[in-house]
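For the sequence shown, position 266 (counting from the first letter as 1) is numbered 266 according to the UniProt record's numbering, and the numbering increases by one without interruption. Here is the structure we will look at.
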Amino acid sequence: MSQTRHIVTTDTSSQQPITLPVIDISPLLKNSKDESYQQVVKEIGQACERYGFFYLANYGGVDPELVHALMKQGREFFAKPLEYKNRFHMKNSRVYRGFFELGGELTYGKKDWKEGYYFSAELDDNHPAVQKGLPMHGLNQWPDETDFPEFKSTVLKYLDALTELGHVIMSAIGESLGLGDSFFREKFTSEPFIPFRLFHYPSDPEAKFENGEERFGVGKHQDYGCLTILKQDHVGGLEVEDKSTGTWIKAPPIENTFVVNIGDMLERWTCGRYKAVPHRVRNPSREDRLSAPFFFDPNFETIVTPLEELAIEEEDKKKWPPIRYGDYILAKVFAVFPELKEHALKY
Numbered sequence: 001m002s003q004t005r006h007i008v009t010t011d012t013s014s015q016q017p018i019t020l021p022v023i024d025i026s027p028l029l030k031n032s033k034d035e036s037y038q039q040v041v042k043e044i045g046q047a048c049e050r051y052g053f054f055y056l057a058n059y060g061g062v063d064p065e066l067v068h069a070l071m072k073q074g075r076e077f078f079a080k081p082l083e084y085k086n087r088f089h090m091k092n093s094r095v096y097r098g099f100f101e102l103g104g105e106l107t108y109g110k111k112d113w114k115e116g117y118y119f120s121a122e123l124d125d126n127h128p129a130v131q132k133g134l135p136m137h138g139l140n141q142w143p144d145e146t147d148f149p150e151f152k153s154t155v156l157k158y159l160d161a162l163t164e165l166g167h168v169i170m171s172a173i174g175e176s177l178g179l180g181d182s183f184f185r186e187k188f189t190s191e192p193f194i195p196f197r198l199f200h201y202p203s204d205p206e207a208k209f210e211n212g213e214e215r216f217g218v219g220k221h222q223d224y225g226c227l228t229i230l231k232q233d234h235v236g237g238l239e240v241e242d243k244s245t246g247t248w249i250k251a252p253p254i255e256n257t258f259v260v261n262i263g264d265m266l267e268r269w270t271c272g273r274y275k276a277v278p279h280r281v282r283n284p285s286r287e288d289r290l291s292a293p294f295f296f297d298p299n300f301e302t303i304v305t306p307l308e309e310l311a312i313e314e315e316d317k318k319k320w321p322p323i324r325y326g327d328y329i330l331a332k333v334f335a336v337f338p339e340l341k342e343h344a345l346k347y
């Protein structure tokens, strides 16, 4: 039977011990919905309600060698001179793909102390979404094959592996809500929108701007979509807000795990039962940090509204009016990269 363990960490203000669940999901991969399967479903549901975050362990569908190759190539790319990296800048793309420089992404108007590289599904001009002219759908920008011969294949293999993991997690979430294991895939995520990032956070012991204002690798925010599946290196820096106390919980790296968190769309579907929780990143260490967040989101054209199947009260539904997911994420993109509204995205 699966057993949830907890990583003992601390809240960053009072130093009181807090526990975040580390869930062994291996029972989800069996053909039998036995007691161990039901236990994991229960644990995931409880984590989504209490924290909106959990660690995922013992998933065999992502080759550790693939993860190692991804992180290695990410570090090597970010180590290149800025002039080289700017050849693949997001401003050269019309579909929200490519590199951005240190401080080039904003969180609520403030510069994040990181640089990054944005990817998503590789869709050529014959794909129906591209033919339809949907924003944010198309081809990625890739570094030169002479410099990074395995970069493209590594990223695309990782996207495939994490997409399948996203389906596994959403199947368990559907079960935890009493909706069944195929509910989300049949209705909303048969062709998920899958933004993916590589982020490089320079060492930042001072963590302050010149005006004395506190500086974050990523400021306080919630994720936009359905699920985030994060692979982080050994450095750490992720902090999660505990809404019940208003304090911040450290979410340190644990070897051979992913960190999973709930996004705004899953919160909206469940009318707040499953929580999209604010989080942020600091890097006060003397080492650079690398992370690889994968976002498993609804189809771009999905209309997201509280689920009738959950028998939610009408008054509660009014707090969560229907939205088109594509419109929601575009508004967020324009806020974090305001210049892309004019220079990068097609409509």
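Using N, Cα and C, we set each Cβ at its ideal position, and we do this for glycine too. The structure presented is a predicted model; accordingly, all values stated were derived computationally and were not measured.
In the three-state reduction of the DSSP assignment, G219 falls in the strand class, which pools E and B. Where I249 is concerned, the enclosing beta strand (DSSP E) starts and stops at T247 to K250. The beta-carbon separation of V22 and I229, rounded to 15 Å, does not stay under the 8 Å limit for a contact. Of K30, V260 and R50, the smallest CA-CA separation from S244 is found for R50. For the set L28, G272 and V336, the Cα lying nearest the Cα of K110 is the one of V336. Runs of the alpha helix (DSSP H) spanning 4 or more residues and lying entirely within the region 61 to 86 occur at 64 to 78 and 82 to 85, in chain order. Taken atom to atom, the span from the alpha-carbon of P293 to that of D223 is near 11 Å. Judged by DSSP in its simplified three-state form, N261 adopts strand. No residue range can be given for T146, since it is assigned to no beta strand (DSSP E) and is classified by DSSP as neither H nor E. Apart from sequence neighbours up to five positions away, the residues of its chain that approach P284 with a beta-carbon distance below 7 Å are D204, P205 and A207, ordered along the chain. DSSP, reduced to helix, strand and coil, places L330 within a helical segment of the structure shown. About 24 Å separates the beta carbon of H234 from that of T107, a gap too long to meet the 8 Å contact definition. The C-beta distance from T189 to P298 rounds to 6 Å, short enough to meet the 8 Å contact threshold. Around the beta-carbon of N211, fewer than 16 other beta-carbon atoms lie within 10 Å, marking it exposed. By the neighbour-count definition (other C-beta atoms within 10 Å, threshold 16), R268 is a buried residue. The DSSP assignment places complete beta strand (DSSP E) segments of no fewer than 3 residues inside the region 181 to 230 at 196 to 201 and 218 to 221, in order along the chain. Assignment of P128 by DSSP, reduced to helix, strand and coil, places it in the helix class.
Relative to the Cα of I262, the nearest Cα in the group G52, E122 and P27 belongs to G52. Inter-residue distance for G246 and H137 is about 38 Å (C-alpha atoms, whole angstroms).
For the pair E314 and G178, the Cα-to-Cα distance works out to about 20 Å.
Secondary structure of G98 (DSSP, three-state): strand. As DSSP reads the structure, R289 sits in a beta bridge with Y201. DSSP places F300 outside both helix and strand once states are collapsed to three, so it counts as coil. Between L198 and G116, the C-beta spacing is below 9 Å. Cα atoms of H68 and V260: separation of roughly 19 Å, rounded to the nearest angstrom. Where R280 is concerned, the enclosing beta strand (DSSP E) starts and stops at H279 to V281. With a cutoff of 9 Å on beta-carbon distance, F216 and V277 are scored as not near each other. If you draw a straight line from the Cα of F209 to the Cα of W113, it is about 10 Å long.
CA-to-CA, the gap between T302 and R324 works out to about 6 Å.
Taking the Cα positions, Q141 is about 15 Å away from L159. Under the three-pair Cβ rule at 8 Å, the region 163 to 174 does not count as touching the region 88 to 101. The bridge partners DSSP lists for R324 are I303. With fewer than 16 other beta carbons inside 10 angstroms of its own, S153 counts as exposed. Comparing alpha carbon positions, the residue from F148, V155, I329 and D327 closest to K80 is F148.
At a Cβ-Cβ threshold of 9 Å, Q232 and S171 do not count as neighbours.
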